[in-house]
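Asks: Residue numbers (full-length UniProt numbering): 1 to 244. Beta carbons are placed, not taken as given, at the ideal position from N, Cα and C, and that holds for glycine. Predicted model, so just to flag it, every value in this text is computed and none were measured.
#1: Given residue 100, which residues of its chain have a CB within under 7 Å of its CB, disregarding the five upstream and five downstream residues?
#2: If distances are taken between C-alpha atoms only, which option among 10, 227 and 21 comes closest to residue 209?
#3: Hey, residue 41 and residue 27: beta-carbon distance below 7 Å or not?
#4: On a Cα-Cα basis, can you pick out the residue from 186, 23 and 110 that is closest to residue 43?
#5: Looking at the secondary structure, which residues open and close the beta strand (DSSP E) in which residue 159 lies?
#6: Residue range of the beta strand (DSSP E) that residue 147 falls in?
#7: Quick one: is the Cβ of residue 203 within less than 6 Å of any heavy atom of the ligand PLP?
#8: Report the residue ranges of all alpha helix (DSSP H) runs contained in full by the region 70-153; include only those spanning at least 4 residues, in chain order.
#9: From what residue to what residue does the beta strand (DSSP E) around residue 25 run?
#10: Taking 7 Å as the threshold (C-beta atoms), are residue 68 and residue 79 in contact?
#11: Report yes if the C-beta distance between residue 104 and residue 182 is below 7 Å; otherwise report no.
#12: What is the DSSP secondary structure of residue 17, reduced to helix, strand or coil?
#13: Residue 174 lies in the beta strand (DSSP E); which residues open and close that run?
#14: When you compare each of 176, 65 and 148 to residue 108 by their alpha carbons, which one comes out closest?
#15: In chain order, what residues of the same chain have a beta carbon less than 7 Å from the beta carbon of residue 56, not counting five sequence neighbours either side?
#16: Across which residues does DSSP place residue 64 in a beta bridge pair?
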């Protein structure tokens, strides 16, 4: 029996589901898709769940529309048909696919809200990303908006809206701005302790339904553990209500 076959799959809460789309809350430390570790990934877990719940024989189609970094949890959307996959992928390309995150960062940004625009370059050999100058071969523009919701004991709770989907984008841009994420071992090792869980959560995914064209928004709140418990999440709830 392989490691994957013998693994105990984590419970994945379903946030939205119809014949075309599946929205779930991704647990932390689960890969979005199969990687070199061989650990259970979201695609494998959800395909198996669909097979069991709907008694489907053979292979189950499930399209990966977007990714979350392994240590990041929260709202994530999958396509249940090839047509839905194509249309949702087009929504991502046209930027009509909305992605909002909440993070706990070190320090307090000088501006309560703003936009970060950087050129990011990914080093495939080290799987790291860094900010570089415009014109660098292989670099891609990264854009995000942020709003500081609360501050507590030298940390800030920040709501982030992504306008581009670059690898490690939020982590790299906020670290470059002087505010590394709590628990980020890769880009904030100088201020974080080994073993801390990164405080980054996908709180909203919004998109036009691939068939009905209805505006769909899927929400997930961070878990009630430190450092999230250092903040009142009421303001986050109010901010998300505008998209319900």
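Replies: Answer, in terms of the structure:
#1: As a first step, residue 100 must be located in the chain shown, where it is residue number 100. Contacts found: 159, 160, 161, 203 and 204.
#2: Start at 1 with the first residue of the chain shown, and residue 209 comes out as number 209. Distance check between residue 209 and each of 10, 227 and 21 places 21 closest, using alpha-carbon atoms only.
#3: Looking up residue 41 in the chain shown gives position 41. Looking up residue 27 in the chain shown gives position 27. No, these two residues do not count as a Cβ contact at 7 Å.
#4: Position 43 of the chain shown, counted from the first residue, corresponds to residue 43. Answer by Cα proximity: 23.
#5: Translated into positions along the chain shown, residue 159 becomes position 159. Segment 155-162, the beta strand (DSSP E) holding residue 159.
#6: On the chain shown, position 147 is the one that residue 147 refers to. Judged by DSSP secondary structure, residue 147 falls within the beta strand (DSSP E) whose first and last residues are 140-152.
#7: This structure simply doesn't include the ligand PLP, nor any ligand for that matter.
#8: The region 70-153 contains these whole alpha helix (DSSP H) runs: 82-93.
#9: On the chain shown, position 25 is the one that residue 25 refers to. Where residue 25 is concerned, the enclosing beta strand (DSSP E) starts and stops at 21-26.
#10: For the purposes of this step, residue 79 is taken as residue 79 along the chain shown, with counting starting at 1. For the purposes of this step, residue 68 is taken as residue 68 along the chain shown, with counting starting at 1. No, Cβ-Cβ distance for residue 79 and residue 68 is not below 7 Å.
#11: To locate residue 104, count along the chain shown from 1; it is residue 104. To locate residue 182, count along the chain shown from 1; it is residue 182. One thing to note: residue 104 has its Cβ within 7 Å of the Cβ of residue 182.
#12: Numbered from its first residue, the chain shown carries residue 17 at position 17. Taken through DSSP and simplified to helix, strand or coil, residue 17 comes out as strand.
#13: Within the chain shown, residue 174 is the residue found at index 174, counting from 1. In the DSSP annotation of this structure, residue 174 is not part of any beta strand (DSSP E); the continuous alpha helix (DSSP H) holding it starts and ends at 169-176.
#14: The residue you call residue 108 lines up with position 108 of the chain shown. Of the residues 176, 65 and 148, the one whose Cα lies closest to the Cα of residue 108 is 148.
#15: Reading the chain shown from its first residue, position 56 is the one you call residue 56. Excluding five sequence positions before and after residue 56, the CB atoms of its chain that fall closer than 7 Å to its own CB belong to 50, given in chain order.
#16: For the purposes of this step, residue 64 is identified with residue 64 of the chain shown, where counting begins at 1. DSSP lists 78 as the beta-bridge partner residues of residue 64.
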